[in-house]
Every structure is written in structure tokens, then in C-alpha cells.
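A.B. asks: Submitted below is the structure of interest, expressed as C-alpha cells.
Residue numbers (my numbering): 7 to 309.
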């Protein structure tokens with residue numbers, strides 16, 4: 007059974023076959039933790055990725071849990087973690103809007119991995135022409151109900167469709183065809199257009215604290231774990247130049263809270279939780295933003 011579901015792969019960035027194991031983790035929705043997942047680091051380019059990983063035809067089964075974050079906003083549940091998520095999500099939507107608005111006021115926007123379409127709805131109300139890509143059928147149905155055009159895959163977009171801004175809010179780490187997808191993103195971006203990519207930062211202080219319990223590992227759904235160097239190298243292969251980075255402050259709080267619960271810490275240790283959050287923020291502000299849980303990269307398509 008395991009051999010049928012898993013596949014071993016070469017490095018998705020450089021194609022090298024040599025790696026070292028760096029961490030063993032688990033599926034956070036499997037309370038019995040029956041499956042182990044191995045994060046490895048390529049000896050050539052340094053990309054960290056899941057190996058072996060679930061085959062693409064089976065990975066959809068690991069997105070069905072109603073506790074999976076993108077679906078929480080549709081369930082109406084009122085437990086503490088669901089309320090926290092919905093609160094963070096609402097604030098994050100405003101932050102994402104401001105990131106885009108700081109680049110361009112109007113235009114065509116493509117959101118890859120748009121989930122249930124909340125961000126696209128915000129941008130449409132702000133006057134943008136919006137399109138989404140979302141592989142999950144159930145999520146796409148929510149987007150369609152909002153009256154927004156959505157595709158299952160990048161390949162379905164017409165070759166002459168080009169966008170002023172393409173966003174990927176925590177979706178790149180899920181995509182199986184890594185280099186082919188970034189190549190398509192470059193093709194779909196106008197010359198001088200922007201690509202905004204938010205991904206968990208594998209160099210973050212939170213990972214060093216929580217190790218296999220760090221929620222942003224999210225095995226087996228996250229198949230890559232980027233640091234600054236590997237992500238910039240990837241997009242640089244396809245005519246994309248980095249113009250700035252930002253960090254998602256709210257993700258820091260959210261990731262620490264979720265990781266805290268995954269580690270089965272007692273709420274009496276709330277002091278410990280606040281100390282780890284504070285340390286990450288201090289390290290980010292004083293030492294380097296590469297300590298933060300989530301980094302936002304803004305790339306521009308070269309002419």
C-alpha cells in the first residue's frame with residue numbers, strides 16, 4: 007500500500023539525486039500519527055523538500071479534513087482555533103490588499119491557489135479584473151458562486167492571457183510541477199508585471215523551536231520548504247527579478263499558536279508561547295527578517 011501511494015523524486019529545483027535527511031514529521035490531522043514524512047535537503051542547491059512524497063493522484067485525499075484551514079471559513083464552527091483562524095484571515099485579507107495596492111491601483115489579477123475566493127472578491131470590489139486557479143473542486147464551487155472565473159489548472163488559461171499582477175498566497179509549496187508552473191507564471195505575467203509569492207520560511211525561528219510540530223511544515227500537503235536563496239534562484243530561472251520582501255506578521259502569531267497546540271502544550275504554558283512569539287519578532291527586527299515565519303517575495307518580470 008505504502009509503495010503505491012508514495013514516490014521518490016530527484017530535487018525539483020536542480021534535478022540532483024543526492025540529499026540528506028533533515029527532519030521527520032507527521033500529518034497534523036492524523037491524531038494517531040501513523041505515517042512519517044521525511045524532509046530532505048538537496049546537497050547541490052539546498053532546496054528542502056518532501057521525499058518520498060504522496061503521489062499527485064492521491065494527495066487530494068489529504069485535503070479533505072474539515073479542520074484544514076482554507077475550509078474553516080465555510081464551516082461556521084465556533085471553537086477557539088476556528089475563531090482565531092477566521093479573525094487572522096480577515097485581517098490578512100486587508101494586508102494582502104495593501105500589498106497589491108502598493109504595486110498597482112488597477113489591472114488584471116490572477117490568484118493561483120485561490121481557495122474559496124475571498125481575496126479575489128476583495129480585489130474585484132476594488133476595481134480589479136480577477137481570475138483564479140484552484141485545483142480543489144469543492145473550493146472552486148465557492149468561487150463560482152461568487153461570480154468569479156476560476157480554472158482548475160494553469161494550463162487551462164489561454165496563451166494570450168497576461169496579467170499585471172499574479173499572486174500566490176501559500177500555494178507554491180503545494181504545487182507538484184514546480185519548475186513548469188513557475189515557467190507558466192512567467193509566461194502569464196506581462197513584461198514589467200509583478201508576481202507576489204508568500205511562502206513559509208524554513209529558516210524561521212518558529213521551526214527551530216517547534217521542530218516536527220511546526221504547523222507550516224504541513225506534511226504531506228507542503229511538498230517544498232523554501233528559504234530565501236532557493237526561492238530567488240527558482241524565479242530567477244524564468245526572467246523574474248526580486249524587487250522587495252515583506253513579512254506577514256499575523257502569520258507569525260497564527261503559526262506559533264497552532265504549533266503550540268500541536269506540541270500539546272498546556273494553556274498554562276501561555277507564557278512560553280508569548281516568549282517564543284516575541285523572540286521571533288525581535289530576531290526579525292534586530293537580526294534579519296529571514297527569521298520570520300512567512301516571507302512575501304515581490305518579483306518583477308524582466309523585459
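Think of the CB as a built atom: it goes at the ideal place given N, C-alpha and C, for glycine as much as any other residue. Remember, it's a predicted structure, so these values are computed and weren't measured experimentally.
Just the C-alpha distance for residue 27 and residue 164, rounded to the nearest angstrom, thanks.
C.D. replies: The residue labelled residue 27 in the question sits at position 21 within the chain shown. The residue labelled residue 164 in the question sits at position 158 within the chain shown. Computed Cα separation, rounded: 40 Å.
A.B. asks: With distance defined between alpha-carbon atoms, name the residue in 252, 31, 154 and 11 nearest to residue 65.
C.D. replies: Here the question's residue 65 lines up with position 59 in the chain shown. Selected option, being the one with the closest Cα: 11.
A.B. asks: The alpha helix (DSSP H) spanning residue 241 covers which residue range?
C.D. replies: Reading the chain shown from its first residue, position 235 is the one you call residue 241. Segment 234-242, the alpha helix (DSSP H) holding residue 241.
A.B. asks: Contact defined as beta carbons within less than 8 Å: I believe residue 41 pairs with residue 19. What is the distance between those atoms, to the nearest angstrom?
C.D. replies: Along the chain shown, read from residue 1 onward, the residue named residue 41 stands at position 35. Along the chain shown, read from residue 1 onward, the residue named residue 19 stands at position 13. Not confirmed; about 25 Å, so no contact.
A.B. asks: Out of 237, 186, 306 and 226, point me to the one whose CA is closest to residue 34's CA.
C.D. replies: As a first step, residue 34 is located in the chain shown; it is residue number 28 there, counting from the start. For residue 34, the nearest C-alpha among the options comes from 226.
A.B. asks: Could you check the C-alpha separation between residue 5 and residue 161 for me, to the nearest Å?
C.D. replies: Not covered by the structure: residue 5. The range shown for the chain is 7 to 309.
A.B. asks: Compute the Euclidean distance between the alpha carbons of residue 253 and residue 169, then round it to the nearest angstrom.
C.D. replies: Locating residue 253 in the chain shown gives position 247, counting from the first residue. Locating residue 169 in the chain shown gives position 163, counting from the first residue. Computed Cα separation, rounded: 24 Å.
A.B. asks: Quick check on residue 61: buried or exposed, where buried means 16 or more other Cβ atoms within 10 Å of its Cβ?
C.D. replies: One-based indexing of the chain shown puts residue 61 at position 55. By the 10 Å Cβ count, residue 61 comes out exposed.
A.B. asks: What's the gap between the Cα of residue 130 and the Cα of residue 197?
C.D. replies: Translated into the one-based positions of the chain shown, residue 130 becomes position 124. Translated into the one-based positions of the chain shown, residue 197 becomes position 191. Cα to Cα, residue 130 sits roughly 23 Å from residue 197.
A.B. asks: Give me the Cα-Cα distance between residue 206 and residue 153, rounded to the nearest whole angstrom.
C.D. replies: The count along the chain shown starts at 1 and reaches residue 206 at position 200. The count along the chain shown starts at 1 and reaches residue 153 at position 147. Rounded to whole angstroms, residue 206 to residue 153 spans 30 Å at the Cα level.
A.B. asks: Taking the C-alpha atoms as reference points, what is the distance between residue 136 and residue 264?
C.D. replies: As a position in the chain shown, residue 136 is number 130, starting the count at 1. As a position in the chain shown, residue 264 is number 258, starting the count at 1. Distance between the alpha carbons of residue 136 and residue 264 is about 31 Å.
A.B. asks: Taking the CB atoms as reference points, tell me whether residue 268 and residue 221 lie closer together than 7 Å.
C.D. replies: Taking the chain shown and counting its residues from 1, one reaches residue 268 at position 262. Taking the chain shown and counting its residues from 1, one reaches residue 221 at position 215. Yes.
A.B. asks: Tell me whether residue 122 sits in a helix, a strand or coil according to DSSP, three-state version.
C.D. replies: Here the question's residue 122 lines up with position 116 in the chain shown. Coil at residue 122, not helix or strand.
A.B. asks: So what does residue 117 bridge to, in DSSP terms?
C.D. replies: To locate residue 117, count along the chain shown from 1; it is residue 111. For residue 117, which the question treats as bridged, DSSP gives the partners 138 and 173.
A.B. asks: Should residue 185 be counted as a contact of the ligand SAH given a C-beta to heavy atom distance under 6 Å?
C.D. replies: Among the ligands in the structure shown, none appear at all, so the ligand SAH cannot be discussed.
A.B. asks: Decide if residue 30 is buried, meaning its Cβ has at least 16 other Cβ atoms within 10 Å, or exposed.
C.D. replies: Within the chain shown, the letter at position 24 stands for residue 30. Looking at its Cβ environment, which holds fewer than 16 other Cβ atoms inside 10 Å, residue 30 is exposed.
A.B. asks: Nearest to residue 260 by CA position, among 236, 298, 110 and 246, is which residue?
C.D. replies: Position 254 of the chain shown, counted from the start, is the residue given in the question as residue 260. Nearest C-alpha to residue 260: 298.
A.B. asks: For residue 48 and residue 180, I'd like the C-alpha separation in whole angstroms.
C.D. replies: The residue you call residue 48 lines up with position 42 of the chain shown. The residue you call residue 180 lines up with position 174 of the chain shown. Rounded to whole angstroms, residue 48 to residue 180 spans 18 Å at the Cα level.
A.B. asks: Between the alpha carbons of residue 177 and residue 238, how many angstroms are there, rounded?
C.D. replies: Along the chain shown, one-based indexing puts residue 177 at 171. Along the chain shown, one-based indexing puts residue 238 at 232. Going by the C-alpha atoms only, they are around 16 Å apart.
A.B. asks: Here's the rule: buried if 16 or more other CB atoms are within 10 angstroms of the residue's CB, otherwise exposed. What is residue 59?
C.D. replies: Numbered from its first residue, the chain shown carries residue 59 at position 53. Buried, since its Cβ has 16 or more Cβ neighbours within 10 Å.
A.B. asks: For residue 14, collect the residues of the same chain with a Cβ closer than 7 Å to its Cβ; drop the 5 residues on either side in sequence, then sort them by chain order.
C.D. replies: For this step, residue 14 is matched to residue 8 along the chain shown. So the list reads 57 and 58, once near-sequence residues are dropped.
A.B. asks: Going by C-alpha to C-alpha distance, which of 210, 155 and 232 sits closest to residue 17?
C.D. replies: By one-based count along the chain shown, residue 17 stands at place 11. Minimum Cα distance to residue 17 is reached at 232.
A.B. asks: Do residue 256 and residue 98 have their CB atoms nearer than 7 Å?
C.D. replies: Within the chain shown, numbered from 1, the residue matching residue 256 stands at position 250. Within the chain shown, numbered from 1, the residue matching residue 98 stands at position 92. Contact: yes.
A.B. asks: Looking at the secondary structure, which residues open and close the alpha helix (DSSP H) in which residue 4 lies?
C.D. replies: Nothing about residue 4 can be read from this structure; the chain reaches only from 7 to 309.
A.B. asks: In three-state terms, what does DSSP make of residue 96?
C.D. replies: In the chain shown, residue 96 corresponds to position 90, counting from 1. The answer is helix: DSSP assigns residue 96 an H, G or I state.
A.B. asks: How about residue 115 and residue 171: do their beta carbons lie closer than 7 Å?
C.D. replies: Counting from one through the chain shown, the residue named residue 115 turns up at place 109. Counting from one through the chain shown, the residue named residue 171 turns up at place 165. A contact, by the Cβ cut-off of 7 Å.
A.B. asks: Quick one: what does DSSP say residue 252 is sitting in, helix, strand or coil?
C.D. replies: To locate residue 252, count along the chain shown from 1; it is residue 246. Note: residue 252 maps to strand in three-state DSSP.
A.B. asks: If I'm right that residue 175 touches residue 102 with Cβ under 8 Å, what's the distance once you round it to whole angstroms?
C.D. replies: Residue numbering aside, residue 175 sits at position 169 when the chain shown is read from its first letter. Residue numbering aside, residue 102 sits at position 96 when the chain shown is read from its first letter. Yes, they are in contact, since the Cβ atoms of residue 175 and residue 102 sit about 6 Å apart, within 8 Å.
A.B. asks: Run the CB neighbour count on residue 307, radius 10 Å, all protein chains shown included, and call it buried at 16 or more, exposed below.
C.D. replies: Numbered from 1 along the chain shown, position 301 holds the residue referred to as residue 307. Burial call: buried.
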